[in-house]
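To start, the structure under review is shown below, and the notes come after it.
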Amino acid sequence: IIDIGKDGGDAGGRILAKGTPEDIAACPDSYTGQYLKNILKGSEKKVVE
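Residue numbering for the sequence shown follows this note's numbering, beginning at 99 and increasing consecutively.
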């Protein structure tokens with residue numbers, strides 16, 4: 099993933115983060131990362147013995 103933003107116009111068009119969804123979620127300036135962080139929290143798998 100390459101996250102470009104974070105806003106439009108003069109404030110946009112710069113690379114905020116790149117890498118895996120986890121990498122993007124670790125970027126506090128990324129709106130996409132904040133969304134992914136919530137999604138990834140729900141995808142944690144539990145080990146069943």
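For glycine and all other residues, C-beta sits at the position ideal for the given N, C-alpha and C. This one's a predicted model, so the numbers in the text were calculated from it and none came from an experiment.
Bounds of any beta strand (DSSP E) do not take in Lys104, whose DSSP letter is neither H nor E. When DSSP states are grouped into helix, strand and coil, Ala123 belongs to the helix group. A distance below 8 Å separates the beta carbons of Ala115 and Cys125. Relative to Lys104, the option among Ser128, Gln132 and Leu134 whose CA is nearest is Ser128.
In the same chain as Glu120, and ignoring 5 residues on each side of it, no C-beta atom comes closer than 6 Å to its own.
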